[in-house]
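In our numbering, the protein residues as written are 2 to 173.
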């Protein structure tokens with residue numbers, strides 16, 4: 002159980018990761034956490050996530066509050082965008098090569114891309130071995146994904162993609 006934590010000023014707020022399809026992390030709940038201002042400020046292309054899941058099974062991600070992913074904050078609590086030349090791709094919740102997932106009642110606000118980056122509220126990608134990691138037993142319900150007034154709109158609120166080109170895999 003990962004619950005009741007506050008994470009800020011990191012590239013990824015909370016990460017749950019196995020090693021490969023034979024060494025998954027199983028049966029974890031990520032609930033009631035607050036994650037904000039996860040970003041990388043230097044030039045170059047990179048990703049950042051409020052909650053990052055990789056090689057997992059039977060996970061519940063519920064009731065978390067994720068804000069300002071992709072934005073920096075200094076010691077005086079002044080918010081800023083990454084350095085010019087940075088291409089930042091922020092994810093509120095990012096899940097890769099994972100199965101049997103439940104994303105419920107999470108609040109994702111202001112996932113803000115920089116440069117040529119694109120932002121996602123919830124992104125689930127089954128890229129490696131879609132015959133093993135498929136889109137079955139996935140529940141995404143009751144989440145709120147939004148941009149605050151005056152902020153850059155979130156590129157895609159919720160995206161589920163299967164296979165290296167978005168095709169293939171088992172979705173039955």
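In this text, a Cβ means the ideal position worked out from N, Cα and C, and glycines have one as well.
Which of helix, strand or coil does DSSP assign to residue 106? By one-based count along the chain shown, residue 106 stands at place 105. Residue state, collapsed to three classes: coil.
In whole angstroms, give me the CA-to-CA distance for residue 148 and residue 101. The residue given as residue 148 occupies position 147 in the chain shown. The residue given as residue 101 occupies position 100 in the chain shown. Going by the C-alpha atoms only, they are around 28 Å apart.
Within the continuous beta strand (DSSP E) that includes residue 63, where are the two ends? Locating residue 63 in the chain shown gives position 62, where the first residue counts as 1. Where residue 63 is concerned, the enclosing beta strand (DSSP E) stretches over 57-63.
Selection from 89, 29, 161 that minimises the alpha carbon distance to residue 141: Here residue 141 is taken as the residue at index 140 of the chain shown, counted from 1. Measuring from the Cα of residue 141, the nearest candidate turns out to be 161.
Can you list, in chain order, the residues of its chain with a C-beta nearer than 6 Å to that of residue 88? Leave out the 5 residues immediately preceding and following it. Reading the chain shown from its first residue, position 87 is the one you call residue 88. Closer than 6 Å at Cβ, skipping near neighbours: 46, 116, 117, 118.
Within the continuous beta strand (DSSP E) that includes residue 33, where are the two ends? Numbered from its first residue, the chain shown carries residue 33 at position 32. First-last for residue 33: undefined, no H or E at that position.
Would a C-beta distance cut-off of 7 Å place residue 67 and residue 40 closer than the cut-off? Looking up residue 67 in the chain shown gives position 66. Looking up residue 40 in the chain shown gives position 39. In this structure, residue 40 does not lie closer than 7 Å to residue 67 by Cβ.
In three-state DSSP terms, what is residue 42? One-based indexing of the chain shown puts residue 42 at position 41. The answer is coil: DSSP assigns residue 42 none of H, G, I, E or B.
In its own chain, which residues sit with a C-beta less than 6 Å from the C-beta of residue 1, not counting the 5 before and 5 after it? Because the chain spans 2 through 173 in this model, residue 1 falls outside it and cannot be assessed.
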